[in-house]
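Student: Converting from the sequence shown to this note's numbering requires adding 38 to each position, the first position being numbered 1.
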Amino acid sequence: MKTFTELQRYSLNGDTMGTRYTALFYAGAGIDTDDVGQRLARVVARVDQQMSTWKPDSDLNRLNAATEQEWVSVPKELATVLSAALRVSQQSGGAFDIAVGDLVNAWGFGPGEQTVTEQAIGTIAPRPRLSASAALVVDPQRNQVRKRVPLNLDLSGIAKGFGVDELARCLEGLGITRYLVGIDGEMRARGVKPDGQCWAVALEKPNRGVREVMGVMELSDAAIATSGDYRHWVDVAGRSYAHTMNPATGAPLCSPLAAVTVVVASCMLADAWATALMVLGETEGPRLAQERGMDALFVLREGEQFKEISIVGGQLQAQIETR
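Encoded structure:
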């Protein structure tokens, strides 16, 4: 067995899902980094091919195009993510909903990068909607899915997190147990560095157009994900619309809540719950996080300042004002 002092630091990265994946890990000398890099690239490429709305031939788009009441066979990974999405939807009272693909496209955040105008927004009328948990049936034993009504599914609030979990599983399959892997801002860590230090993960200040560190969180044997309104948005007629959809209103989020960070064991669930709590807003989000005993950080805009609401193990911590 290698001792701490014999472990070497490795860093690999590559393109995926319109962004990049990273893998920092410690392992013995002489590891075949080309082989590890190829394995990592394959696992994230498989997730992207299954769950992307931007790839016309993805398994998700094939499911979106299927007729209602038709059982559709899907890969095991996609069935796993769909099942998890439905559970979080139910547990969040429908705040997390993957049946918003039509809204994502209508507001210009989907494939094709449509230009959204004030006139176009006026045509997006609210209408009664069935949540995915009510309109989608997943059979995880047979890896089959059936839509009760026509649905346009979007997995942007959970697929990257699952991709991070797949990166972790890939490294662990190679016997690597000290790592920090991530896709964009979704990260998962295991173990500690050889000096006994946890992995340091930077939290971004939710300012649009400027990347600035707000703080640092130490991570070990856990995953972290952030949902916010500051990365992707459109400006129409003097107003900014964030990319996250509120299923209850059929429109993008509009609240003082700028970002939510969640820490749990699985990055897939951290990703989904960060989105769900972001949708629930500055009052109901913290309330549900406390009820479920979660670790979550809520960042609210208050003029030119931010207020942080920290919840650890379901317990509300001191609220902090920051600039």
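Even glycine gets a Cβ: it sits at the ideal position worked out from N, Cα and C.
Because the structure is a prediction, the values reported are computed rather than measured.
Give the C-beta separation of Ala238 and Asp259 to the nearest angstrom, bearing in mind that I take them to be a contact with Cβ-Cβ under 8 Å.
Tutor: Taking the sequence shown and counting its residues from 1, one reaches residue 238 at position 200. Taking the sequence shown and counting its residues from 1, one reaches residue 259 at position 221. No, Ala238 and Asp259 are not in contact; Cβ-Cβ is about 15 Å, not under 8 Å.
Student: Just how far apart, CA to CA, sit Met55 and Asp86?
Tutor: The count along the sequence shown starts at 1 and reaches residue 55 at position 17. The count along the sequence shown starts at 1 and reaches residue 86 at position 48. Rounded to the nearest angstrom, the two C-alpha atoms are 6 Å apart.
Student: Quick one: measure Cβ to Cβ for Val230 and Leu101, integer angstroms, because I've assumed they're closer than 8 Å.
Tutor: Residue mapping note: residue 230 aligns to position 192 of the sequence shown, counting from 1. Residue mapping note: residue 101 aligns to position 63 of the sequence shown, counting from 1. Their Cβ separation, rounded to whole angstroms, is 40 Å, which puts Val230 and Leu101 out of contact at 8 Å.
Student: Evaluate Thr70 with the Cβ neighbour count: other Cβ atoms within 10 Å of its Cβ, from every protein chain shown; 16 or more gives buried, anything less gives exposed.
Tutor: Start at 1 with the first residue of the sequence shown, and residue 70 comes out as number 32. Checking the displayed sequence, the identity of residue 70 turns out to be Asp instead of Thr. When all chains shown are included, Asp70 counts as exposed.
Student: Which full runs of the alpha helix (DSSP H) of 4+ residues lie inside the segment 310-356, going along the chain?
Tutor: Within the segment 310-356, not a single complete alpha helix (DSSP H) segment reaches 4 residues in length.
Student: State the DSSP-derived secondary structure class of Asp53, mapped to helix, strand or coil.
Tutor: Locating residue 53 in the sequence shown gives position 15, where the first residue counts as 1. In the structure shown, Asp53 sits in a strand (DSSP, three-state: E or B).
Student: Classify Phe200 as helix, strand or coil using the three-state DSSP reduction.
Tutor: As a first step, residue 200 must be located in the sequence shown, where it is residue number 162. Helix at Phe200.
Student: Does DSSP put Arg216 in a helix, a strand or coil?
Tutor: The sequence position of residue 216 within the sequence shown is 178, counting from 1. Arg216 falls in the coil class under three-state DSSP.
Student: Is Lys243 helix, strand or coil by DSSP?
Tutor: Taking the sequence shown and counting its residues from 1, the one referred to as residue 243 is at position 205. Three-state result, Lys243: coil.
Student: On the three-state DSSP scale, how would you describe Thr287?
Tutor: Sequence index remark: in the sequence shown, residue 287 carries index 249 (1-based). Coil, per DSSP.
Student: Quick one: using the 10 Å Cβ neighbour count with 16 as the cut-off for buried, is Asp97 buried or exposed?
Tutor: The count along the sequence shown starts at 1 and reaches residue 97 at position 59. Asp97 comes out buried.
Student: Looking at the secondary structure, which residues open and close the beta strand (DSSP E) in which Gly266 lies?
Tutor: Against the sequence shown, residue 266 aligns to sequence position 228. Start and end: Ala260 to Gly266.
Student: By the DSSP assignment, the alpha helix (DSSP H) with Gly253 in it spans what residues?
Tutor: If you number the sequence shown from 1, residue 253 lands on position 215. Looking at the DSSP string, Gly253 is not in any alpha helix (DSSP H); the run it does join, the beta strand (DSSP E), is Val251 to Leu257.
Student: Can you give me the C-alpha to C-alpha distance between Leu291 and Asp233, rounded to a whole angstrom?
Tutor: Reading the sequence shown from its first residue, position 253 is the one you call residue 291. Reading the sequence shown from its first residue, position 195 is the one you call residue 233. Taking the straight line from one Cα to the other gives about 43 Å.
Student: Just the Cα atoms here: how many angstroms apart are Ala65 and Ala170?
Tutor: In the sequence shown, counting from the first residue as 1, residue 65 sits at position 27. In the sequence shown, counting from the first residue as 1, residue 170 sits at position 132. When rounded, the distance between both Cα atoms is 42 Å.
Student: Starting from Lys185, follow the beta strand (DSSP E) in both directions and report where the run begins and ends.
Tutor: To locate residue 185, count along the sequence shown from 1; it is residue 147. Run containing Lys185: Gln182 to Lys185, per the beta strand (DSSP E) assignment.
Student: Go ahead and pull the three-state DSSP assignment for Asp177.
Tutor: Translated into positions along the sequence shown, residue 177 becomes position 139. In the three-state reduction of the DSSP assignment, Asp177 falls in the strand class.
Student: Tell me the rounded alpha-carbon separation between Met59 and Thr118.
Tutor: To locate residue 59, count along the sequence shown from 1; it is residue 21. To locate residue 118, count along the sequence shown from 1; it is residue 80. The sequence given here has Tyr at residue 59, not Met. Straight-line Cα distance between these residues: approximately 21 Å.
Student: Judging by CA-CA distance, which residue of Cys208, Asn245, Gly341 and Val138 is the nearest neighbour of Ala83?
Tutor: By one-based count along the sequence shown, residue 83 stands at place 45. Checking every option, the nearest Cα to that of Ala83 belongs to Cys208.
Student: Three Cβ pairs or more, each shorter than 8 Å: is that satisfied between the segment 241-250 and the segment 331-344?
Tutor: yes
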